[in-house]
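First residue of the sequence shown? That's 1 in the UniProt record's numbering, and the numbers climb one at a time after it.
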Amino acid sequence: MRMNIDAPKYIRYQTWGLTLTVTVMALVTIAFTLGSAYYDNLKRLSEIESDIEQQQRTALKSEMDSAVSEIRFIYGQAERLLMDGARDQVNQAWQIADTIYQQEHLLKGESKRSVAGLIKEALRDIRFFDGRGYYFIGDTQGEMILLPPSPDMEGRSFWDSVDDRGTYTARDTIKVALENAAGGYARYRWYVPGYPDEMKEKVVYARLFEPLGWVIGTGDYVFHFEDQLKERALERLANRRFGDGGYFAVLTAEGRLLLSPGLPELEGKHFSEMDPAYGEAVQNILAQTSAEGNFARYKWFKPGSTLKEAKLSLVRSVPELDWVLIVGTYRSSWNESIAAQRQIYREDLHKQVLAAIPLLGLVAFVGFVLAYVLSRWLSGLFGAYQGNIKSQQEALQENATQLGIAAKVFEASNEGMLVADGFDRVLKVNSAFTFLTGYDLADLEGGTAATLFEGVDGPGFDELRAKLETEGFWEGEVQNRHKDGYRFPAWMSMTLAQNVENDSVNLVMTLEDISERKQQEAQLRQLKEYDSLTNLPNRQLLSDRAEQQLAACKRKGEQLAVMFIDLDRFKNVNDSLGHEAGDALLKVAARRIAYSVRPTDTVSRIGGDEFVILLSDYGTAESLAEMAGRLQRVLSKRTDIEGCELAVTASIGIAVYPYDGLDFPQLCRNADTALYHAKANGRDGYQFYTEDMNRQVHERLTLENALREALPRGELELYYQPQWDLEQGGLVGFEALIRWNRPGIGQVRPDHFIPLAEETGLIQRIGGWVLEEACRQQRVWEERYSAGLCMAINLSALQFNEGLPEQVRRILDQTGVDPSRIELEITESLLMQDPDASAGLLCALRKLGISVALDDFGTGYSSLAYLKKLPLDTLKIDKVFTDGVPGNDHDEAIVKSIIDMASHLGLSTVAEGIESDEQRRFMAEAGCTLGQGYFYLPPIPASQVETELLDLGHYATKV
C-alpha cells in the first residue's frame, strides 16, 4: 500500500526519530568540550571588527589603484589619438591631391597651375575633428597656399613665424615633411581660436606633395583630445560600483565636485558654493589628499537615503588630470560583514566542540546509523515530491530570466522591432519602431502587420508572408512611409518564430532607417561620376554608359555615334581673362551642349575644354552632320563673361559604331583623330573619322615620339651654310641650321619636324640646344682660326619671350664666345604680333652685344612704321624674291626697294637662296651686302666646314 505524505509530516518524522536517537547519547559527552572551545572563540570574535576594517582598506586601495591605472591609460591616449588622426587625415588629403594630379596633369595634360587650383578647392571645405580640423598647404619656402580659416593670409610667408617659446612653426613643419617621404610630426604652440592672446600645445602632421613642391598638413590642440578623454574617464568612474554601496567621487584640485553619486545635485559646484555641512566635509577630504593616497573618515549621504552615515574613504590625487579621486564604503555595510563573520565563528565553534569530544564519534556513529535507516525510508517518500517541485521551480525561474533579458533587449534595441502572433495581429512594438514609423502600439493594436505595408514601396505583405512560410526569413530594402506621410528608405527583415512542433507562433519584424547611408552613397556617387565644374558625367560615368549602350546596340544591331567637341583657342581665354573666366565659359558651353541634345543622349566633360556626346539611334549620317552644325552654331553665340562679350568656335570629331570601332576606347581614339583633323583644317568645323586620318595620326605620333628622344640620343646635328661678302667675295660667317639624322630613316626634312616641335613645345629644349651648340662651335672656331667669322642662329616664336635675354646671357657666359660675332634671326611675323614688347626684348638682346636680323622680310606684315622703331642690324631677303631675279620685273623692284630702304635705315642685307651666278651679280650690283645659297655651298656639317673652308684658309675661294 502506497503511503501519502507531505513535507510537514516528513520533517516531523525525521526530527523526532533523529533527536531521540542522537540527543541522549550526545548530551553527556558534549559538555566536556564546550567550556574550552567557548572561551577560545570569544577571543577570536573580538578581533573580527579590526580584520574587517583592514579588509575594507585593502579593497579600497585595490579599487583606487585599478581606477587610477585605467584613467591614466585613457588620458594617455590623447596625444596618440591626435597624432594617428592627423596622420590619417593628411594621408587622405595626399591621396586626393595625387589622384587629381594624375588625372588632370599627367593624363589630361592640364597645367600644374590649373591642377593646383583644383586640388586647393577640393581640400578647402573638408572638416574633421568635430569640425575643428582643416587642411593647410604651404610651399617649401614657407609661403601659405591654403589656409581655410583665414583665406586672406594665403600667399603670405610664415617662414619666420615663431610661438611664445621661440619655436619656428613653419620651418619645423617643412623640415619634418622634407626629411621623411611618408610625412612626419611637428610640435609647437599656437593661438587657440576665440582666445587671440593665449597659446596652447599643438601637434601637426605634414607630408610633402613633391609634384607641386607643397607641404600638406593638419593638426589640433592636445588639450581638445585631453578634455574629451577626461569626460570619458569620468563616465567610466561614474559607472564603477563595488561591495554594498561603494562608489567613486571626483574633485578638482581646487575643490570643485565633478562626480558624486551620493549627492548628484552638488556636481559642478565648488565647496565654497555648497551648504556648510557639505563644504566642510569636502575641505576635510582635500586636506588629506596626497599622490600616494590617505584614508579619511567622515559622514556622507548614502545613495537613496536622506540621512548621513559614517564612511571610510581613500583620497588620492591624480596630478596629470588635476583631479582628486575618492573611493569609499559606508560603515553600515561592515556591520553586516561583521555579523556574518560572527555567525561563521559560531558555526566553527560548534564544529570544534564536536571534533574535540572523542566520545562524540561513537555517539555520532550509533546515532547516524539509526538516522540513516529512518532517513532512507523518509527520503524515498519526500524525494519524489520535492524533486518534482524543484524541477518546476527551476524551469519557471529559467523562463522568467530569459523573458526578462528578451524584454530588455527588445526595448533597448536601436532597430525598430514589431512582434505579431500567428495570425499576424500586432502584439508589441518597441520605442525605436515608434520613433522610425510614428506608430505606437495603440495605433496598431487590433490590426495586423499587413497594415504597415500599405505605404511601402516594395514586395507586398502577402508575397513576403508566402516566402516566410517556405524559407522562414526575408530581408531587403524598402521605401517605408511614416505615419506623417513622408517616405524614408529602410532595411527590413522578417522572421517566423516556431515552436517545437514547427508551428508558426510569432512574426518578428525589424526595421532600420538607412536614410543617412543612402544620402552618403548618393554624395559619393556624385563625386565619383560627375564633373565638379559643369555637373556633367565625367569620364568614368561616360565609359559605363557607353559600355551599356554598346551592349544594347550589339543586341539590337543599331549604331552608336561618339562626338568629341573641343573649344577652339580656349587657352587664350584662360591666358587673357584668367581661369575664373575660363571656368564660367565652360559652364555656359556645357549648358548649351546639354540643351541641344535629346534627354536620352549623354553629354560628358572629360577634362579641360573637351566634351563628349554619346548618340544612340541617331538616324543617318546627315542627321549627325546636322547635329554637329547645330552644336557649332549654338556654341558660337556670344556670351557675357565677367563683363567681356566672348564668342568661341568649336571643332568636332565623329566616330560611329560599328564602322569606326567595336569598343569604346577605339571609338574615342578615332573620334579624337577626327577632331584633330577638324582643327588642322582651320577649326570651327567637324570631321567624320576615316582610315586615312588614322594612318596620318599614327605617322605623326610615331614622329613625335621619335623626336622626343632625338636630343638625348644625340640624333640632332647642326649644319652650317656659309655667308659670303657679295662685293669682296670673302667668307664672312655661317647660318646654323638644324638637321635630324633619324636611325633607319636617314635625314628628316626640317619642314617636317620643326613645326611638330613647335606644336608640342619641344622647340624650347631643341632651340636652347641649337643656341648653345652654335655658340660653342663659334667659340671653337674663334680659338682655332683667326678669320673673324660670324654665326647666325634662327629663333622660334616660342623662344622669343621674356626669359630669352637671360638664357642668351647665360650661354654667352658659359661658352665664352664673342657676343659681337653672334646674330639672332627672328621672323617678321613674330615681331609684328606685339611690336612694343618685341622692341623691348630686342633692346635687351642688343645690350648683350649681339646683333639681330629680321628674317623673311617682305613675306609678312612689312609694316615700315614699326620697322623703323625696331632695333635691328640686318634684313634678310627671302628666297621667294631671290628666285625671281634677274628677269621678273616685280621681284627686281621689290629686291631693290628692300636694299635701298635697308641702306637708308643703316641696316645690312643678306640675300637667301642664291643658286646662280646671275643672281649673285644682280644682288651685288643692287647693293646687297651678303649672300648665301647653293651657288656657294649647301648647309654642311662642322667637320666639312673645317676641311673644305677653314683649314685651307681660303675665305674667298668661291668667287
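For every residue, glycine included, the Cβ atom is placed at its ideal position computed from N, Cα and C.
Which listed residue (the options) has its alpha carbon closest to that of residue i
i, options, result
"residue 937", "495, 912, 238", "912"
"residue 430", "351, 423, 511", "511"
"residue 1020", "699, 509, 483, 484", "The structure shown does not extend to residue 1020, since the chain spans only 1 to 959, so no value can be given for it."
"residue 53", "709, 651, 297", "297"
"residue 433", "486, 506, 513, 472", "513"
"residue 410", "423, 422, 427", "427"
"residue 532", "100, 50, 68", "100"
"residue 732", "664, 179, 564, 822", "822"
"residue 869", "881, 837, 319", "837"
"residue 148", "567, 129, 50, 125", "125"
"residue 328", "842, 55, 450", "55"
"residue 187", "194, 195, 165", "165"
"residue 484", "275, 438, 781, 515", "438"
"residue 831", "800, 819, 939, 495", "800"
"residue 160", "174, 152, 151", "174"
Contacts around residue i, its chain only, beta-carbon distance under 8 Å, and the 5 residues preceding and following it disregarded
i, result
"residue 57", "295, 312, 314"
"residue 606", "108, 538, 539, 542, 612"
"residue 684", "568, 632, 636, 649, 650, 651"
"residue 583", "533"
Span separating the alpha-carbon of residue i from that of residue j
i, j, result
"residue 957", "residue 210", "Residue confidence for residue 957 is low, a pLDDT of 38 falling below 50, so the modelled location carries little weight; the figure read from the coordinates is stated next. Taking the straight line from one Cα to the other gives about 60 Å."
"residue 846", "residue 852", "7 Å"
"residue 717", "residue 741", "7 Å"
"residue 950", "residue 909", "24 Å"
"residue 953", "residue 858", "36 Å"
"residue 929", "residue 884", "19 Å"
"residue 283", "residue 255", "7 Å"
"residue 89", "residue 115", "21 Å"
"residue 624", "residue 659", "14 Å"
"residue 444", "residue 425", "9 Å"
"residue 310", "residue 66", "24 Å"
"residue 84", "residue 183", "12 Å"
"residue 300", "residue 308", "5 Å"
"residue 230", "residue 321", "8 Å"
"residue 932", "residue 815", "26 Å"
"residue 262", "residue 302", "5 Å"
Anticipated Cβ contact below 8 Å, residue i with residue j, distance rounded
i, j, result
"residue 185", "residue 200", "Incorrect: roughly 17 Å between the Cβ atoms, too far for contact."
"residue 793", "residue 825", "7 Å"
"residue 707", "residue 753", "6 Å"
"residue 641", "residue 581", "5 Å"
"residue 190", "residue 218", "Contact doesn't hold; Cβ gap of about 13 Å is too wide."
"residue 737", "residue 721", "6 Å"
"residue 983", "residue 64", "There is no way to answer for residue 983, as the model of the chain reaches only from 1 to 959."
"residue 980", "residue 704", "A query on residue 980 cannot be resolved here, the shown segment of the chain reaching from 1 to 959 and no further."
"residue 667", "residue 562", "5 Å"
"residue 647", "residue 638", "5 Å"
"residue 316", "residue 333", "At roughly 21 Å, the Cβ-Cβ gap does not stay under 8 Å, so residue 316 and residue 333 are not in contact."
"residue 871", "residue 719", "Not a contact, Cβ separation roughly 29 Å."
"residue 771", "residue 811", "6 Å"
"residue 795", "residue 841", "Their Cβ separation, rounded to whole angstroms, is 10 Å, which puts residue 795 and residue 841 out of contact at 8 Å."
Beta-bridge partners of residue i, as assigned by DSSP
i, result
"residue 59", "Residue 59 is not bridged to any residue."
"residue 209", "214"
"residue 852", "824"
"residue 143", "157"
"residue 482", "None, per the DSSP bridge assignment."
"residue 603", "613"
"residue 494", "474, 509"
The ligand NAP heavy atom lying under 6 Å from the CB of residue i
i, result
"residue 220", "You won't find the ligand NAP in this model; it holds no ligand whatsoever."
Spatial neighbours of residue i in its chain, beta-carbon cut-off 6 Å, leaving aside the 5 residues before and after
i, result
"residue 436", "416, 511, 513"
"residue 123", "93, 135"
"residue 959", "Its pLDDT being 33, under 50, residue 959 is placed unreliably by the model, and the measurement read from it follows with that caveat. Cβ neighbours of residue 959 beyond the five flanking positions: 729."
"residue 270", "255, 256"
Contact set for residue i: own chain, Cβ-Cβ below 7 Å, skip 5 residues either direction
i, result
"residue 924", "726, 727"
"residue 601", "613, 614, 615"
"residue 747", "739, 740, 741"
"residue 460", "453"
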